[in-house]
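In my numbering, the protein residues as written are 15 to 258. For each residue, glycine too, the CB sits at the ideal point set by N, CA and C. Remember, it's a predicted structure, so these values are computed and weren't measured experimentally. To keep things clear, I will list the structure first and then write my remarks on it.
Quick look at the structure:
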């Protein structure tokens, strides 16, 4: 594989466009268009954006550019090579408002096993997945609540979560953050095909007062089902949020 810098919406990004069509889509402007537009719409100077499952940094680096040097981006990625790529992108853009943490985010502070996927976006804490081989590495895992307490970060505005099946664990370890920030917005990928429950994730969020919406316009309310793979969660309907 050949990694190099490419221009994209967030500035410069270091990746191998031949790894998969999704990598090429990142530089062609066709990658996850609804989520991309939502982040462009939501983020304003001074906000805090948290990216859990950063992969190659498409959304995290874009967020740093959108925040124009104010506010902050906190990005979390447990796999070392992905982290090296993201750091290369951060340095190439000279973005000073983004911090990258080589950590898994979950429901406990511990050492965890990361099962390495056949593609750079397929690594998972979950064992025995068909997308992963036999190789594993040990990584540090932290609860988001404990990380933010340590960093003395109290305001969080937007959180993107894409963690290959451990979404509920991430949410459980972020309960205080989700409760404290009444205007927080979550942009989530769910993975029911990996054997996890979309309904359990939705129930958790609704118990905390979140409403669930489709990511794509016109952002209709979502009926809870195991078929949900992408969602927008907030306590206000899209378009009625503070500062929006």
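Whose CA, out of 59, 216 and 136, lies closest to the CA of residue 172? For the purposes of this step, residue 172 is taken as residue 158 along the chain shown, with counting starting at 1. Looking at the Cα atoms, 59 is the closest of the given residues.
Taking 8 angstroms as the threshold (C-beta atoms), are residue 67 and residue 177 in contact? Reading the chain shown from its first residue, position 163 is the one you call residue 177. Reading the chain shown from its first residue, position 53 is the one you call residue 67. Taking the C-beta atoms as reference points, residue 67 is found nearer than 8 angstroms to residue 177.
When burial is assigned at 16 or more other CB atoms within 10 Å of the CB, is residue 159 buried or exposed? On the chain shown, residue 159 is found 145 positions in, with the first residue counted as 1. Of the residues assessed, residue 159 falls on the buried side of the cut-off, its CB having 16 or more other CB atoms within 10 angstroms.
Output needed for residue 240: all residues of its chain with C-beta closer than 6 angstroms, excluding positions within five of it in sequence on either side, in chain order. Position 226 of the chain shown, counted from the first residue, corresponds to residue 240. The beta carbon of residue 240 lies closer than 6 angstroms to those of 206, 212 and 213 in the same chain, with the five residues before and after it left out.
Work out the CA separation of residue 126 and residue 144 for me, nearest whole Å. Numbered from 1 along the chain shown, position 130 holds the residue referred to as residue 144. Numbered from 1 along the chain shown, position 112 holds the residue referred to as residue 126. Whole-angstrom Cα-Cα distance: 19 angstroms.
For residue 208, which option in 105, 229, 179 and 69 has the closest C-alpha, if you only look at C-alpha atoms? Numbered from its first residue, the chain shown carries residue 208 at position 194. Minimum Cα distance to residue 208 is reached at 179.
Using the C-alpha atoms, what's the distance from residue 37 back to residue 30? By 1-based counting over the chain shown, the position of residue 30 is 16. By 1-based counting over the chain shown, the position of residue 37 is 23. For residue 30 and residue 37, the gap between their C-alpha atoms comes out near 7 angstroms.
Taking the alpha-carbon of residue 135 as reference, which of 122, 99 and 235 has the nearest alpha-carbon? Against the chain shown, residue 135 aligns to sequence position 121. Checking every option, the nearest Cα to that of residue 135 belongs to 99.
Range of the contiguous alpha helix (DSSP H) that encloses residue 184: As a working note, residue 184 is residue 170 in the chain shown. Residues 181–186.
Three-state class that DSSP yields for residue 70 in the structure shown: Numbered from 1 along the chain shown, position 56 holds the residue referred to as residue 70. Residue state, collapsed to three classes: coil.
For chain C, is any of its Cβ atoms less than 8 angstroms away from the one on residue 53? No chain C appears in this structure, which consists of one protein chain only.
Throw me the rounded Cβ distance for the residue 169 and residue 62 pair, which I believe falls under 8 angstroms. As a first step, residue 169 must be located in the chain shown, where it is residue number 155. As a first step, residue 62 must be located in the chain shown, where it is residue number 48. Contact between residue 169 and residue 62 holds, with the beta-carbon distance rounding to 6 angstroms and staying under 8 angstroms.
Beta carbon of residue 102 nearer than 8 angstroms to that of residue 28: Taking the first residue of the chain shown as position 1, residue 102 is located at position 88. Taking the first residue of the chain shown as position 1, residue 28 is located at position 14. For residue 102 and residue 28, yes; Cβs fall inside 8 angstroms.
Near residue 94, which residues of its chain fall below 7 angstroms by C-beta distance, leaving aside the five closest residues on each side in sequence? For the purposes of this step, residue 94 is taken as residue 80 along the chain shown, with counting starting at 1. For residue 94, same chain residues with a beta-carbon under 7 angstroms away, outside a window of 5 residues either side, are 116 in chain order.
Anticipated Cβ contact below 8 angstroms, residue 85 with residue 111, distance rounded: Position 71 of the chain shown holds residue 85. Position 97 of the chain shown holds residue 111. About 6 angstroms; that satisfies the 8 angstroms criterion.
8 angstroms contact criterion, which residue 175 and residue 192 should meet: CB distance rounded: In the chain shown, residue 175 corresponds to position 161, counting from 1. In the chain shown, residue 192 corresponds to position 178, counting from 1. That pair is no contact at about 11 angstroms.
How long is the line joining the alpha carbons of residue 50 and residue 235, rounded to whole angstroms? Counting from one through the chain shown, the residue named residue 50 turns up at place 36. Counting from one through the chain shown, the residue named residue 235 turns up at place 221. Rounded to the nearest whole angstrom, the CA to CA distance from residue 50 to residue 235 is 20 angstroms.
Can you tell me whether DSSP reads residue 33 as helix, strand or coil? Looking up residue 33 in the chain shown gives position 19. Residue 33: coil per DSSP, three-state reduction.
Beta-ladder partner(s) of residue 20, from DSSP: Translated into the one-based positions of the chain shown, residue 20 becomes position 6. Residue pairing of residue 20 in beta bridges, as defined by DSSP: 27.
Proximity below 8 angstroms, CB of residue 78 to CB of residue 87: For the purposes of this step, residue 78 is identified with residue 64 of the chain shown, where counting begins at 1. For the purposes of this step, residue 87 is identified with residue 73 of the chain shown, where counting begins at 1. Yes, Cβ-Cβ distance for residue 78 and residue 87 is below 8 angstroms.
Quick one, are the C-beta atoms of residue 245 and residue 226 less than 8 angstroms apart? In the chain shown, residue 245 corresponds to position 231, counting from 1. In the chain shown, residue 226 corresponds to position 212, counting from 1. The answer is yes: Cβ separation under 8 angstroms.
By Cβ distance, which residues of its chain are closer than 7 angstroms to residue 147, with the 5 residues on each side in sequence left out? Here residue 147 refers to the residue found at position 133 of the chain shown. The residues are 130 and 132.
Cα-Cα separation, residue 257 to residue 80: To locate residue 257, count along the chain shown from 1; it is residue 243. To locate residue 80, count along the chain shown from 1; it is residue 66. Note that residue 257 has pLDDT 46, beneath the 50 cutoff, so the model's placement of it is unreliable and the number below is only indicative. Between residue 257 and residue 80, the C-alpha separation is close to 15 angstroms.
Tell me whether residue 103 sits in a helix, a strand or coil according to DSSP, three-state version. By one-based count along the chain shown, residue 103 stands at place 89. Per DSSP, reduced to three states, the secondary structure at residue 103 is helical.
Using a Cβ-Cβ cut-off of 8 angstroms (strictly less than) and excluding sequence neighbours within five positions of residue 217, which residues of its own chain qualify? Taking the first residue of the chain shown as position 1, residue 217 is located at position 203. 238, listed in sequence order.
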